[in-house]
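> Mind having a look at this structure? Questions to follow.
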Amino acid sequence: MSAPAKPKGSTDPIDAYVADLRKALHGPPRATARLVEEVRGGLVDTAEAHTHAGASYEDAVQEAVREFGTPAELAPAFQRELTIAQARHTARSVVLVAPLLLACWYALLTTGTGQEGVLPRTAQSLAAVAGCAALLAATALAATGPLARHVPTPHRLPLLVAWTGTTASVSMALATLSLAVAAFMTAGWPLIALACTLAAASHALTAPSARACRRCARLPA
38 MSAPAKPKGS
48 TDPIDAYVAD
58 LRKALHGPPR
68 ATARLVEEVR
78 GGLVDTAEAH
88 THAGASYEDA
98 VQEAVREFGT
108 PAELAPAFQR
118 ELTIAQARHT
128 ARSVVLVAPL
138 LLACWYALLT
148 TGTGQEGVLP
158 RTAQSLAAVA
168 GCAALLAATA
178 LAATGPLARH
188 VPTPHRLPLL
198 VAWTGTTASV
208 SMALATLSLA
218 VAAFMTAGWP
228 LIALACTLAA
238 ASHALTAPSA
248 RACRRCARLP
258 A
């Protein structure tokens, strides 16, 4: 269905509406873009229906906006959906990096530094964090996936996922530092250096997602 023609030389009110809505929403870029485009399509279709009934373009758009609600009115409901999407994105990141935390634990234990030093204790902490983070992230994915059709998603779950991701991110930064130190303490430094690089990359993957999740979880929904 084609869009109703707007007056020449003027700002399209639908474009302005969509821009205001986009500014009010925070979440994964693809999910946000998909949701905003769905709203745009609905506005265009509704406005076109009113123009076919004889209304001017401006009046048709105003009536469509009245039926849809203003961006400020729509944003909280849409933000809840995007917050869940961001929580799932962060949980998937944690599930992906948790095995690497365990690999870092194994690498640190095999550096030949003994069982009483700082590095072995760090390795044990990383293993504990990996296990807890993986469990919480997997639970969050289940709670926001098919299970959400039958059981309401807990309101605080996105914030829990955000801090789980933050903890995993900090652990990856700690693993990077520990592996960098371990590389100077063992003859097998090439393997340790590779693990250090992967840990740094995992931190770079998880940290932005966790930060975005914390922001989304604090927004009204």
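Numbering (our numbering), first residue to last: 38 to 258.
A virtual CB, placed ideally from N, CA and C, is assigned to each residue, including glycine.
Since the structure is predicted, the reported quantities are computational estimates derived from the model, not experimental observations.
1) The ligand COA heavy atoms versus the CB of Pro191: any closer than 7 Å?
2) Could you work out which residue in Arg251, Ser239 and Cys250 is closest to Val132 when comparing CA atoms only?
3) Looking only at C-alpha atoms, which of Ile121, Leu231 and Leu111 sits nearest to Lys60?
4) Are three or more beta carbon pairs between the stretch 195-211 and the stretch 115-129 nearer than 8 Å?
5) Output needed for Arg251: all residues of its chain with C-beta closer than 8 Å, excluding positions within five of it in sequence on either side, in chain order.
6) Flag this pair as yes or no: are the beta carbons of Phe115 and Leu72 separated by less than 8 Å?
7) Taking Cβ positions only, does Ala114 come closer than 8 Å to chain D?
8) Taking Thr88 and Leu119 to be in contact with their CB atoms under 8 Å, please state how far apart those CB atoms are, rounded to whole angstroms.
9) Among Ser208, Leu231, Leu216 and Gln123, which has the Cα closest to the Cα of Arg255?
10) Pick out whichever of Gly64, Ala56, Thr48 and Asp57 has its Cα sitting closest to the Cα of Ala249.
11) So, at 6 Å on beta carbons, what are the nonlocal neighbours of Trp226 in its own chain, with the 5 sequence-adjacent residues on each side left out?
12) Within a Cβ cutoff of 8 Å, which residues of the same chain sit near Ala164, ignoring the five residues on either side of it in sequence?
13) Please state the DSSP three-state secondary structure of Arg255.
14) How far does the alpha helix (DSSP H) with Ala86 in it extend, from its first residue to its last?
15) Quick one: residues in its chain with C-beta nearer than 7 Å to the C-beta of Ala232, no 5 flanking neighbours on either side, listed in chain order?
Concretely, from the data shown:
1) Although the ligand COA was asked about, the structure shown includes no ligands whatsoever.
2) In the sequence shown, the residue the question calls residue 132 occupies position 95. Nearest in C-alpha terms to Val132, of all of Arg251, Ser239 and Cys250, is Ser239.
3) Mapped onto the sequence shown, residue 60 falls at position 23. If we check each option's Cα against that of Lys60, Leu111 comes out closest.
4) Yes, they touch.
5) In the sequence shown, counting from the first residue as 1, residue 251 sits at position 214. Only Leu196, Ala199, Trp200 and Thr203 meet the Cβ criterion.
6) As a working mapping, residue 115 is identified with position 78 in the sequence shown. As a working mapping, residue 72 is identified with position 35 in the sequence shown. A contact, by the Cβ cut-off of 8 Å.
7) This model lacks chain D altogether; it includes just one protein chain.
8) Residue 88 sits at position 51 when you count from the first residue of the sequence shown. Residue 119 sits at position 82 when you count from the first residue of the sequence shown. Rounded, the Cβ-Cβ distance is 31 Å, inconsistent with contact.
9) Looking up residue 255 in the sequence shown gives position 218. For the residues Ser208, Leu231, Leu216 and Gln123, the minimum Cα distance to Arg255 belongs to Gln123.
10) Taking the sequence shown and counting its residues from 1, one reaches residue 249 at position 212. Here the closest residue by C-alpha is Gly64.
11) Along the sequence shown, read from residue 1 onward, the residue named residue 226 stands at position 189. Answer for Trp226: Ala220, listed in chain order.
12) In the sequence shown, counting from the first residue as 1, residue 164 sits at position 127. If we look at Ala164 and ignore the five residues flanking it on each side, its Cβ neighbours are Leu138, Leu139 and Trp142.
13) For the purposes of this step, residue 255 is taken as the residue at position 218 of the sequence shown. The answer is coil: DSSP assigns Arg255 none of H, G, I, E or B.
14) Counted from its first residue, the sequence shown places residue 86 at position 49. First-last of the alpha helix (DSSP H) with Ala86: Pro66 to His89.
15) Here residue 232 corresponds to residue number 195 of the sequence shown, with the count starting at 1. Answer for Ala232: Ala140, Cys141, Ala144 and Leu216, listed in chain order.
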